[in-house]
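Right, one structure below, let's go through it.
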Amino acid sequence: MLERIREGSQSFAAKAVLVLIILTFALAGVGSYVTGGADTTVAEVNGAEITQTEYDRAYENERSRLQQQFGDMFDAISSDPGYMQTVRANVMNQLIEQQLLVQYAQNNGMRISSAQVKQEIRDIPAFRTAGQFDNDVYLMALRNAGYTPESFATLMQSDLLRSQLLQALAGSEFALDSEVLALLRLQQQTRSGGYLVARNADYVDQVELSEQEITQYYEDNSQAFQAPERIQVAYVELSKADLMADIDIAESEVREFYDNRIDQYRTEEERRISHILVEHSTDNAEQKAEQALAALEQGGDFGDVAMEYSDDTFSAEVGGDLEWIERGMMDEDFDAAAFALEEVGDITGIVETSFGYHIIKLTDLRPGSVTPFEEVRDEVRQQLVEQQLEDRYFQLQQDLAEISFEQPDTLEPAAEAIGETVRTTDLFARERAPTPLSDDVILNNIFAEQLIDERLNSDIIETSDDRSLVVRVVDHQPQQIRPLADVRAQIEQQLRTEKAQQMALEQAQQWQQQWSEGSSELDDKVVWFDSIGMSSQEHPRGVLQNVFRMAPKAGEELAMQAVELPNGDAAVIALTNVTEGNAELGEQSQQVREQLSNRQAQIMLQAFIDTLKQDADIIRKDN
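Residues 1 to 623 in full-length UniProt numbering are what the sequence shown lists, from first letter to last.
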């Protein structure tokens, strides 16, 4: 009943605003990440576009993940253009696969409701304060990440839809008892034998290389020696962080701001109200309300009278209590009567509203108050700082944009106008951009064909960390194959390693022949092992892997083979005995069962995705 009274008191405009707010939160759709201008398309999957913004965001997320994984080593790893190109290709592939999964789920009737999305968002720990969802924290986090509530909700909806599909597919996989037992016994299996290693380093100095071999390798593998596109730019940067140091707010300004906006720091009077309601639709409604009032005037308890007479059954159960209200929350006539009561315990006469006849009681009172200046001084000062910073930043940004546009072939006048200097970089590749320019929004502009060709000042480029830049290309080197002279040492090292391994393998094959013929010359050189398991740490990993790949021969015949090892060495390995594991189903089997199920699920899911790719129309564009 309370909700009906409140709803009835609202204007059409107020209700429309509330509806829009609710729909914005509950029925969120995709928005755009504001980078200025139209977003370009980097791929199409069955006609659905993957935008540059989506790709850039996914790439930055992957870079952050790798940075956390590798720590201090990441700088060295990311300096390899080939490695980072592989990362970019993997990111694109992931986006395509994600789009295919979403399309499949939608085409087969799978849906995620807006209520599910809303609940998932509310359950995210990052959006909680003291264990409760905090809408202010939520909105601030989205702004910092470059999302709108709509775009984030749609991202969540797509993720939930993919998860629903993948869980349905993976959840159907299982492992039989026989498969579990076979794997347990294999894991407990031990093997015996011996090996002899021909080390790559012993043959490197024996390798002879001809000029023709080096040239031929260079020509056959030219794509491996691609030098990435490099660019040199001049730029002017305007940063809010740098401007902050120049903001100085006097105490008098803080006080004046507070005094001029005193209503912002005022809390309204609140009243706790109980009521008895007789609805118009009730027979002899006015007479019934008068009977209730008479009962109160004769000393009846308000709660008991409410239970007997009130048509608002929900509030009647708690003595007619409507809890705390402020002015403007209720029907106009109800509001006027409730706030006319002067003392706690006072009761009105009969008050008619559009809902019926009320008797209203004031049960508690919280007077309005003004938060003292001393308690909000820091908050007010921060507001002023942010306001002045925003005004200063906006003005300088406009000056930078205007002057750099009017004089497009130089940055000096624009830099001078905003009190900054023109900075010039060395030539750099996209993957090794200087820190101030490493934002993908900036790099997309710098490496744009138009900016490279015209060599004129760019438009203002705004970043998510509150910086504005104007850049101009000074020099440009397109992607090209590095000269042979620059990569000769690399080629020679590679060829020497390959040839040395071939020589080592030939030596291992000779030893295999001698060993199989029963020669005793190798007896002192062979390293023997007895009953070792798969997890043994006593022998080279490459040898161990090959030992457990070998198939034992029947009878007493020796199983033997010469193999190349991953580190460039070669070895001859003999397998003399295999002892099967004696495993039974037990506590350990559950873990193995889960491992098998997960492995089978991964294989099945990859096959499923590969099938979707084969049947899809996928167009990849340059990125």
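C-beta atoms are modelled at their ideal positions from N, C-alpha and C, and glycine is treated no differently.
Fair warning: this is a prediction, and the values are worked out from it, not measured in the lab.
| Query | Result |
| --- | --- |
| So the beta strand (DSSP E) ALA559 belongs to, where does it begin and stop? | 559-564 |
| Any idea which residues DSSP pairs GLU44 with across the strands? | GLU49 and ILE619 |
| Return the first residue and the last residue of the beta strand (DSSP E) that ALA198 is part of. | 190-198 |
| Might you give, ordered along the chain, the residues of its own chain that have their beta carbon closer than 8 Å to the beta carbon of VAL376, omitting 5 neighbours on each side? | TYR258 and TYR265 |
| Mark LEU612 as exposed unless 16 or more other C-beta atoms lie within 10 angstroms of its C-beta, in which case mark it buried. | buried |
| For ASN444, report the span of its beta strand (DSSP E) as first-last. | Note, ASN444: premise wrong, no beta strand (DSSP E); alpha helix (DSSP H) at 440-446. |
| Under a three-way DSSP split, which group does VAL30 fall into? | Since pLDDT at VAL30 reaches only 27, below the 50 mark, its modelled position is unreliable, and the value read off the structure follows with that caveat. Residue state, collapsed to three classes: coil. |
| With 16 other CB atoms within 10 Å as the buried threshold, where does ALA13 fall? | At ALA13 the pLDDT is 31, less than 50, meaning the model places this residue with poor confidence; the figure from the coordinates comes in the next sentence. With fewer than 16 other Cβ atoms within 10 Å, it is exposed. |
| Can the beta-carbon of LEU100 be found closer than 8 Å to that of ALA414? | no |
| Could you tell me the boundaries of the beta strand (DSSP E) in which LYS361 lies? | 356-366 |
| ARG185 to LEU176, Cα distance in whole Å? | 14 Å |
| Would THR53 be called buried (16 or more neighbouring beta carbons within 10 Å of its own) or exposed? | buried |
| Who are the Cβ neighbours of ALA48 in its own chain at under 8 Å, not counting the five residues just before and after it? | GLN99 and GLN103 |
| So, is SER315 buried or exposed, given that buried needs 16 or more other C-beta atoms within 10 angstroms? | buried |
| Say whether the segment 206-213 touches the segment 569-576, bearing in mind that this needs 3 or more beta-carbon pairs closer than 8 Å, one atom from each stretch. | no |
| Is it right to say TYR83 is buried, meaning 16 or more other beta carbons lie within 10 angstroms of its own, or is it exposed? | exposed |
| Going along the chain, which residues of its own chain have a beta-carbon closer than 8 Å to the beta-carbon of LEU238, five neighbours each way excluded? | TYR393, LEU396, GLN397, LEU400, ILE418, GLU420, ARG467, SER468 and LEU469 |
| Leaving aside the five residues before and after VAL34 along the sequence, list all residues of the same chain whose C-beta is less than 6 Å from its C-beta, in chain order. | With a pLDDT of 29 at VAL34, under the threshold of 50, the modelled position of this residue cannot be trusted; read the value that follows with caution. Correct list: empty, nothing qualifies. |
| Using DSSP with H/G/I as helix, E/B as strand and the rest coil, what is MET604? | helix |
| Compute the Euclidean distance between the alpha carbons of VAL422 and ARG620, then round it to the nearest angstrom. | 37 Å |
| How big is the Cα-Cα spacing for LEU456 and GLY146? | 28 Å |
| CB ARG381 to CB VAL254, shorter than 8 Å? | yes |
| Once the 5 residues before and after residue 649 are set aside, which same chain residues still bring their CB inside 6 Å of it? | An answer regarding residue 649 cannot be provided, because it is not within the stretch 1 to 623 covered by the chain. |
| Do you know offhand how far SER151's Cα is from VAL305's? | 53 Å |
| Quick check on LEU427: buried or exposed, where buried means 16 or more other Cβ atoms within 10 Å of its Cβ? | exposed |
| Which residue comes first and which comes last in the alpha helix (DSSP H) that contains THR215? | 211-220 |
| Return the chain-ordered list of same chain residues with a C-beta closer than 6 Å to the C-beta of GLU229, the five sequence neighbours on each side being excluded. | PRO478 and GLN479 |
| What does a CB cutoff of less than 6 Å around SER458 pick up in its chain, not counting 5 residues either side in sequence? | ASN445, LEU451, VAL470 and VAL471 |
| If you draw a straight line from the alpha carbon of ALA559 to that of ALA551, how long is it in whole angstroms? | 7 Å |
| Between the segment 351-367 and the segment 273-290, do three or more beta carbon pairs fall short of 8 Å? | yes |
| Between the Cα of ASP75 and those of GLN85, ARG63 and THR86, spot the shortest distance and give me the residue it belongs to. | ARG63 |
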